[in-house]
Amino acid sequence: MIVVDSNVLAYFYLPCEHTPAAEASFQADPEWAAPILWRSEFRNILAGYIRRGTLTFEQAVAIQREAEGTLEGAEFEVDSNEVLKLVRDSDCSACDCEFIALAMQLDARMATMDKKLLKAFPDVAVAISKP
182 MIVVDSNVLA YFYLPCEHTP AAEASFQADP EWAAPILWRS EFRNILAGYI RRGTLTFEQA
242 VAIQREAEGT LEGAEFEVDS NEVLKLVRDS DCSACDCEFI ALAMQLDARM ATMDKKLLKA
302 FPDVAVAISK P
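Encoded structure:
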């Protein structure tokens, strides 16, 4: 199991230069997990695509539904105290620290391309890379 941040999910479902890396990450470990927060963050990413005219509303709904299926049964609550400890000990946002807290809770790694997270939590965060 690997915890994936919302951007990795976006790379997986929305073709871009990082899509091959996200696909390789999924092939290496298809058991993805995320804090429940991922839904709001992912919807926000989709909203940007809708507003730019890159996706239709119907396409965005279908992508959201597919992503929810990928993470079905692997969405978790995180302890606020643990998140705030991570915030205290880094300069990362509380939202980002939710993903790190979940990875720690599950004794898993967290896949990201966020340089700040990779630097602050090198024992937990791992970069996805092109195959």
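The opening residue of the sequence shown carries number 182 in this note's numbering; numbering runs sequentially from there.
Think of the CB as a built atom: it goes at the ideal place given N, C-alpha and C, for glycine as much as any other residue.
For clarity, every value in this text was computed on a predicted model and none was experimentally measured.
Simplified DSSP assignment, three categories, for residue i
i           : result
residue 182 : coil
residue 298 : helix
Limits of the unbroken alpha helix (DSSP H) element including residue i
i           : result
residue 189 : 187-194
residue 306 : It is not in any alpha helix (DSSP H) - residue 306 instead sits in the beta strand (DSSP E) that spans 306-308.
Contact check, residue i vs residue j, beta carbons under 8 Å
i           : j           : result
residue 243 : residue 271 : no
Limits of the beta strand (DSSP E) - the one that residue i falls within
i           : result
residue 292 : 290-293
Distance, residue j Cα to residue i Cα
i           : j           : result
residue 253 : residue 280 : 17 Å
residue 241 : residue 269 : 35 Å
residue 192 : residue 203 : 6 Å
residue 260 : residue 216 : 10 Å
residue 189 : residue 296 : 13 Å
In chain order, each alpha helix (DSSP H) run of at least 4 residues that lies wholly inside the segment 199-284:
200-209, 219-232, 238-251, 261-269
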